[in-house]
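Colleague:
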DNA sequence: ATAAAACCTAAACCTAAGTTTAGGTCAAGT
DNA sequence: ACTTGACCTAAACTTAGGTTTAGGTTTTAT
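Chains as they are written, first to last, in my numbering: chain A, 22 to 168; chain B, 22 to 168.
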């Protein structure tokens, strides 16, 4: 059993954030002693799940829905499975989007490294694509199509 | 030269969002004719960059800083390079975090598929880890360490 | 027994990134 | 010339996810 201060340190979360999560219903079965919260293993498990799902862009309301389903027993197993399959797909496409964004960023890194070397990017704007490294070149050709 | 309505369709952005970006200074050199915005190729380029960097979690203020540097000429080349190198690292760690989150999600998918098959997750809570698929098993062992 | 540290609530406040509303102006087709 | 659709601004409103503040308990250490 942990106090809110211990949890705060353990997971490096602001105390007010933990209280806010509680207010939003993210610890459906948390215990109290004289009004003071006592976090047990299942509450710690909730925090780990919250932290993880938040990273994938899941809203606190959705996460609460899952945690509530967990306390409601076997009748909600299908809902829970469906939720995780959806979140898996969302996360896969996020990774994909980030990789695409990374291509632009890598291009810009190459561009500004060259520009800094030359002291200017004037000549770089009309550079022959055959003077670009291969990955940069193929990104550049694709990028031009958006316009 | 495009109107705001054309840009809105082309990039599937709400018109108010584009006006908001303009208000925030994200089209530093946009032209107007009788008060009406005319988007040229460089404004289109800005939109592509904005969309891309936003996905990596960059704030509009940071993006504006970059766009402003672009209009200020060669003296800001170093700043721009530094910004993209930082953003590259941030994006790489975001991808990493998402992959970690995906491990939990894959575990949960496995867990609830099993549970749905069995009609209950009671027995699953004490399952022998040797009955888990290998990837699931290695995630599970690691996950237990957080507690 | 008492002071300090850690806990509590309710409510106000904050920020980013928009969206909505109200009241107007401009441009294109008939 | 006139109507309609597309454009304009300023300002209020919205949402999520907190953070801060003010005023009050509880626990812990001396």
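A virtual CB, placed ideally from N, CA and C, is assigned to each residue, including glycine.
#1: At a CB-CB cut-off below 9 Å, which residues of chain A make contact with residue 48 of chain B?
#2: What are the residues of the stretch 27–38 of chain A that lie near chain B, defined by any Cβ-Cβ distance shorter than 7 Å?
#3: Count the other CB atoms within 10 Å of the CB of residue 40 of chain A; is the residue buried (16 or more) or exposed (fewer)?
#4: Using the three-state DSSP reduction, which class does residue 11 of chain B fall into: helix, strand or coil?
#5: Can you name, in chain order, every residue of its own chain whose Cβ lies under 7 Å from the Cβ of residue 90 of chain A, other than the five neighbours on each side?
#6: Could you tell me the distance, in whole angstroms, from the CA atom of residue 33 of chain A to the CA atom of residue 162 of chain B?
#7: Under three-state DSSP, which class holds residue 52 of chain A?
#8: Name the chain B residues whose beta carbon is nearer than 7 Å to that of residue 101 of chain A?
#9: With respect to the alpha helix (DSSP H) encompassing residue 63 of chain A, which residues constitute its N-terminal and C-terminal limits?
#10: Can you give the beta carbon distance from residue 79 of chain A to residue 108 of chain A, rounded, assuming they're within the 8 Å contact cut?
#11: Just to confirm, is the Cβ distance from residue 168 of chain A to residue 50 of chain B under 9 Å?
#12: Classify residue 77 of chain B as buried or exposed, calling it buried when 16 or more other Cβ atoms lie within 10 Å of its own Cβ.
#13: If the cut-off is 8 Å on Cβ atoms, which residues from the stretch 107–133 of chain A count as contacting chain B, listed in chain order?
#14: Suppose the cutoff is 8 Å on Cβ atoms and the five residues either side in sequence are ignored; what does the same chain contact list for residue 24 of chain B look like?
#15: Contact between the stretch 112–128 of chain B and the stretch 109–122 of chain A is defined here as three or more beta-carbon pairs at a separation below 8 Å; is this criterion met?
#16: I'd like to know whether the C-beta of residue 105 of chain B is nearer than 9 Å to at least one C-beta of chain A.
#17: Here's the rule I'm using: 16 or more other beta-carbon atoms within 10 Å means buried, otherwise exposed. How should residue 37 of chain A be labelled?
#18: For the stretch 63–78 of chain A, which residues have a beta carbon sitting closer than 8 Å to at least one beta carbon of chain B?
#19: Out of curiosity, what's the CA-to-CA distance linking residue 135 of chain A and residue 82 of chain B?
#20: Distance check for residue 30 of chain B and residue 52 of chain B, CA to CA, integer angstroms please.
#21: Could you tell me whether any Cβ in chain A is nearer than 9 Å to the Cβ of residue 163 of chain B?
#22: State the start and end residues of the unbroken alpha helix (DSSP H) segment that holds residue 159 of chain B.
#23: Report yes if the C-beta of residue 148 of chain A is less than 8 Å from at least one heavy atom of the ligand MG; otherwise report no.
#24: Compile a chain-ordered list of the residues in the stretch 133–161 of chain A whose CB is closer than 7 Å to at least one CB of chain B.
#25: Are the beta-carbon atoms belonging to residue 69 of chain A and residue 164 of chain B less than 9 Å from one another?
#26: Report yes if the CB atom of residue 28 of chain A is closer than 9 Å to the CB atom of residue 65 of chain A, and no otherwise.
#27: When the cut-off is 9 Å and only beta carbons count, does residue 89 of chain A lie next to chain B?
#28: Beta-carbon of residue 98 of chain B versus every beta-carbon of chain A: anything under 9 Å?
Modeller: According to the structure shown:
#1: Within chain A, no residue has its beta carbon less than 9 Å from that of residue 48 of chain B; the closest one is some 16 Å off.
#2: Flagged: no residues at all.
#3: So residue 40 of chain A counts as exposed.
#4: One cannot answer for residue 11 of chain B here, as it falls past the ends of chain B, which runs 22 to 168.
#5: Within its own chain, the residues whose Cβ lies closer than 7 Å to the Cβ of residue 90 of chain A, once the five positions on either side in sequence are excluded, are 97, 100, 101, listed in chain order.
#6: Whole-angstrom Cα-Cα distance: 22 Å.
#7: If DSSP states are grouped into helix, strand and coil, residue 52 of chain A belongs with the strands.
#8: By Cβ distance, chain B contributes 133.
#9: For residue 63 of chain A, the uninterrupted alpha helix (DSSP H) segment begins and ends at 62–76.
#10: In this structure residue 79 of chain A is in contact with residue 108 of chain A, their Cβ atoms being roughly 6 Å apart against a cut-off of 8 Å.
#11: Not in contact: residue 168 of chain A and residue 50 of chain B (Cβ atoms no closer than 9 Å).
#12: Residue environment analysis places residue 77 of chain B among the buried positions, since at least 16 neighbouring C-beta atoms fall within 10 angstroms of its C-beta.
#13: Result list: 108, 109, 112, 113, 115, 116, 118, 119, 120, 121, 122, 123, 125, 126, 127, 129, 130, 133.
#14: Taking C-beta separations shorter than 8 Å and ignoring five residues to either side along the sequence, the partners of residue 24 of chain B in its chain run 57, 58, 59, 60, following chain order.
#15: At 8 Å Cβ cutoff, the stretches touch.
#16: Cβ-Cβ to chain A under 9 Å: yes for residue 105 of chain B.
#17: Residue environment: residue 37 of chain A is assigned as exposed (fewer than 16 neighbouring CB atoms within 10 Å of its CB, all protein chains considered).
#18: If the cut-off is 8 Å between Cβ atoms, the stretch 63–78 of chain A has 65, 66, 69, 70, 73, 74, 76, 77 near chain B.
#19: C-alpha separation (whole angstroms): 26 Å.
#20: Roughly 19 Å between the two C-alpha positions.
#21: False, the Cβ-Cβ gap to chain A never drops below 9 Å.
#22: 155–166 is the span of the alpha helix (DSSP H), which, as asked, contains residue 159 of chain B.
#23: With respect to small molecules bound, the structure shown includes none, and the ligand MG cannot be examined in it.
#24: Those residues of the stretch 133–161 of chain A that come within reach of chain B (Cβ to Cβ, closer than 7 Å) are 133, 134, 136, 137, 140, 141, 142.
#25: In this structure, residue 164 of chain B lies closer than 9 Å to residue 69 of chain A by Cβ.
#26: Residue 65 of chain A sits close to residue 28 of chain A, with the two beta carbons spaced by under 9 Å.
#27: With 9 Å as the cut-off, residue 89 of chain A does not count as an interface residue toward chain B.
#28: Yes, its Cβ sits closer than 9 Å to a Cβ of chain A.
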